[in-house]
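The structure appears right after this line, and notes come after that.
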Amino acid sequence: MPHPLAPQLPDALDASALAEGVWPDGAERVDGAIAIGGVPVTEVAAQHGTPFLLVDEAVARGRARRIREAFEAAFASGVDVYYAGKALLTGDVARWMRAEGLRIDVCTGGELAIALRAGVEPAAIGFHGNNKSLAEIEAGVRAGVGTFIIDSAQEVERVAAAAERAGRVQRVRLRISVGVHASTHEFLATSHEDQKFGVSVAEAGAVVARIRELPGLELVGLHTHIGSQIFDAAGFGESARRMLALHAELGGTAAMPELNLGGGFGIAYTSADSPEPIEAIAQRLADAVRSAADELGVAVPRIAIEPGRWIVGPAGVTVYTVGTTKRVELEHGSRMYVAVDGGMGDNPRPALYGAQYSARIASRASSAEAALVRVAGHHCESGDIVVDAEWLPGDVRPGDLLAVAATGAYCHSLASNYNAVPRPPVLAVRDGAVRTLVRRESIDDVLSRDAGLDAPADPTADAAPLAHDTDGAPTA
Numbered sequence: 282m283p284h285p286l287a288p289q290l291p292d293a294l295d296a297s298a299l300a301e302g303v304w305p306d307g308a309e310r311v312d313g314a315i316a317i318g319g320v321p322v323t324e325v326a327a328q329h330g331t332p333f334l335l336v337d338e339a340v341a342r343g344r345a346r347r348i349r350e351a352f353e354a355a356f357a358s359g360v361d362v363y364y365a366g367k368a369l370l371t372g373d374v375a376r377w378m379r380a381e382g383l384r385i386d387v388c389t390g391g392e393l394a395i396a397l398r399a400g401v402e403p404a405a406i407g408f409h410g411n412n413k414s415l416a417e418i419e420a421g422v423r424a425g426v427g428t429f430i431i432d433s434a435q436e437v438e439r440v441a442a443a444a445e446r447a448g449r450v451q452r453v454r455l456r457i458s459v460g461v462h463a464s465t466h467e468f469l470a471t472s473h474e475d476q477k478f479g480v481s482v483a484e485a486g487a488v489v490a491r492i493r494e495l496p497g498l499e500l501v502g503l504h505t506h507i508g509s510q511i512f513d514a515a516g517f518g519e520s521a522r523r524m525l526a527l528h529a530e531l532g533g534t535a536a537m538p539e540l541n542l543g544g545g546f547g548i549a550y551t552s553a554d555s556p557e558p559i560e561a562i563a564q565r566l567a568d569a570v571r572s573a574a575d576e577l578g579v580a581v582p583r584i585a586i587e588p589g590r591w592i593v594g595p596a597g598v599t600v601y602t603v604g605t606t607k608r609v610e611l612e613h614g615s616r617m618y619v620a621v622d623g624g625m626g627d628n629p630r631p632a633l634y635g636a637q638y639s640a641r642i643a644s645r646a647s648s649a650e651a652a653l654v655r656v657a658g659h660h661c662e663s664g665d666i667v668v669d670a671e672w673l674p675g676d677v678r679p680g681d682l683l684a685v686a687a688t689g690a691y692c693h694s695l696a697s698n699y700n701a702v703p704r705p706p707v708l709a710v711r712d713g714a715v716r717t718l719v720r721r722e723s724i725d726d727v728l729s730r731d732a733g734l735d736a737p738a739d740p741t742a743d744a745a746p747l748a749h750d751t752d753g754a755p756t757a
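282 is the number of the first residue of the sequence shown in the numbering used here; add one for each residue after it.
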């Protein structure tokens with residue numbers, strides 16, 4: 282029977298087991314310790330300290346290859362798979378994706394710089410963003426970015442002007458807010474009418490006409506993205522039908538060979554999640570596109586998709602050290618708070634979206650009776666929760682390593698220095714060896730941006746006197 286304080290949790294069967302589909306493929310316990318890619322996390326912690334994000338390169342690359350092959354098998358018209366860099370983008374990750382035949386999707390000048398510095402060919406890059414700065418547009422056009430995704434009528438003029446200055450014709454897609462309401466968190470749904478991305482179906486015709494008037498732009502297709510963390514193909518299929526109808530309507534006699542259907546394919550963060558296999562989603566999406574094409578009497582265009590989370594999310598595990606534990610007695614039972622040496626600074630998703638995660642003691646196995654725990658971070662916020670509810674062995678204690686699964690996506694990329702805490706490193710494991718992808722920040726790194734700390738304090742400067750309470754003790 283579910284615990285009254287955590288009705289979303291299944292009954293505790295084995296609080297040390299690693300749920301299949303949640304933890305990286307091949308994750309196992311070796312002498313009690315969780316091993317990722319064949320390396321016990323105890324060894325990684327001994328060398329690198331905690332917290333750290335550990336990514337299994339073989340899992341990330343294998344999932345990139347799997348989704349590319351699934352969509353290539355489903356769509357005879359051809360497919361381009363863009364890795365959504367916002368999920369996790371480092372020089373090495375960009376090179377992994379290119380090696381597996383994926384293109385790279387970026388949405389800021391910083392992400393563009395990472396991809397280019399990593400050696401990604403500009404023609405293999407797509408540039409997103411609802412408010413690209415003039416400097417970002419100029420940089421992308423000068424670099425020779427393969428495709429800009431136009432997000433507004435004003436951006437048409439800006440990209441065209443940059444292309445004219447560069448003396449080149451810039452390929453573009455137009456992002457459409459297609460009106461499909463994805464079944465996901467409100468902030469993750471990106472194609473309903475009242476939100477910031479894309480142009481409406483009603484105004485698409487005028488924007489397409491303007492793009493075609495400008496000699497510096499080449500319209501190669503339309504684009505949509507209905508949201509993130511979506512578990513089945515229903516929303517994708519409806520979006521594809523609407524987009525293909527608009528594609529047929531706006532294509533006319535001009536060439537518009539591509540249709541980008543976005544990403545947002547969901548993953549399992551807990552054993553309660555059951556996303557549809559990606560092969561089934563690819564096939565159902567292809568069936569929907571073919572059916573719509575037959576009804577409209579048009580050819581199926583070349584399809585593009587933009588997965589990010591689906592590829593790297595399950596490949597990553599974050600490892601912390603337990604600092605304190607405390608039991609709280611409540612009306613409907615008790616809950617143990619387990620505090621770790623990280624939190625919302627390295628994973629703000631629980632605070633932002635109410636995201637759920639799975640955790641396990643990583644440094645040892647335990648046969649102790651399961652206890653309901655809440656994993657809390659060390660930041661000065663009551664909302665700094667890493668895992669809202671989980672079953673862990675009741676003997677969890679200070680000094681234990683605690684691993685949180687499925688943190689490969691949107692943890693490092695959303696990390697901050699809240700409370701002046703340095704961000705943890707991103708490590709990768711491959712063939713039993715661990716290497717650094719992004720080094721750990723130091724306190725000096727954090728302080729280096731504070732211009733007021735560049736020079737020593739002036740001892741002669743006036744200081745406000747401290748107030749004193751009635752006992753004569755200084756008060757803040």
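Yeah, the Cβ is synthetic: ideal placement off N, Cα and C, and Gly gets one too. Note that the structure is a prediction, hence the values are computed from the model and not measured.
For residue i, the nearest candidate out of the options (CA to CA)
i: F356; options: H409, E539, L527; result: E539
i: D306; options: D554, F429, A341, S433; result: A341
i: M537; options: G502, R523, R349; result: G502
i: A574; options: R721, I559, L527, F408; result: L527
i: T717; options: V336, Q510, P496; result: V336
i: V621; options: L577, S644, V579, L682; result: L682
i: R571; options: A561, E557, A521, A535; result: A521
i: W304; options: L611, A549, Q476; result: A549
i: P324; options: L369, A651, E350, V710; result: Pro is not the amino acid found at residue 324; the sequence shown has Glu there. For the residues L369, A651, E350, V710, the minimum Cα distance to E324 belongs to V710.
i: A380; options: R349, H329, I559, R439; result: R349
Residue i, DSSP secondary structure in three states
i: T428; result: strand
i: P585; result: Checking the displayed sequence, the identity of residue 585 turns out to be Ala instead of Pro. In the structure shown, A585 sits in a strand (DSSP, three-state: E or B).
i: L397; result: helix
i: S481; result: strand
i: I507; result: coil
i: N541; result: strand
i: M524; result: helix
i: V422; result: helix
i: E392; result: helix
i: E530; result: helix
i: E402; result: coil
i: I492; result: helix
Range covered by the alpha helix (DSSP H) that runs through residue i
i: W304; result: Neither: W304 is in no alpha helix (DSSP H) and is coded neither H nor E.
i: D725; result: 724–728
i: P631; result: 630–634
i: R446; result: 434–447
i: M537; result: No alpha helix (DSSP H) holds M537; DSSP gives it neither H nor E.
i: T323; result: 322–329
i: A375; result: 372–380
i: G343; result: 338–355
Start-to-end residues for the beta strand (DSSP E) that takes in residue i
i: S572; result: Counting along the chain, S572 falls outside any beta strand (DSSP E), though it belongs to the alpha helix (DSSP H) covering 559–577.
i: E671; result: 666–674
i: R655; result: 651–657
i: R452; result: 451–458
i: V593; result: First-last for V593: 590–593, but that is the alpha helix (DSSP H), not the beta strand (DSSP E).
i: G604; result: 597–611
i: T551; result: Premise fails: T551 is in no beta strand (DSSP E) and is neither H nor E.
Cutoff 8 Å; reference residue i; Cβ partners in own chain excluding five residues on either side
i: T688; result: L334, G594, G597, V598, T599, N628, Y638
i: R310; result: S297, L299, A316, A646
i: A365; result: D386, G544, E587, P588, G589, R590
i: A485; result: L455, I457, L503, L527, L531
i: C661; result: N700
Neighbourhood of residue i by C-beta distance below 7 Å, restricted to the same chain and skipping five residues each side
i: A287; result: L653, A670
i: V609; result: S615, R616, Y618
i: A420; result: G390, L393
i: T605; result: A620, P679
i: A643; result: A314, I315, V322, V600, L682, L683, A684
i: I734; result: Correcting the residue identity first, residue 734 is Leu in this sequence and not Ile. Result list for L734: L728, in chain order.
i: P737; result: none
i: A404; result: G425, G427
Neighbourhood of residue i by C-beta distance below 6 Å, restricted to the same chain and skipping five residues each side
i: A529; result: L577, V579
Residue i CB to nearest heavy atom of the ligand ZN below 8 Å
i: G547; result: Ligands in the displayed structure: none, and consequently the ligand ZN is not present.
Whole-Å CB distance - residue i paired with residue j, under 8 Å assumed
i: Q451; j: A444; result: 4 Å
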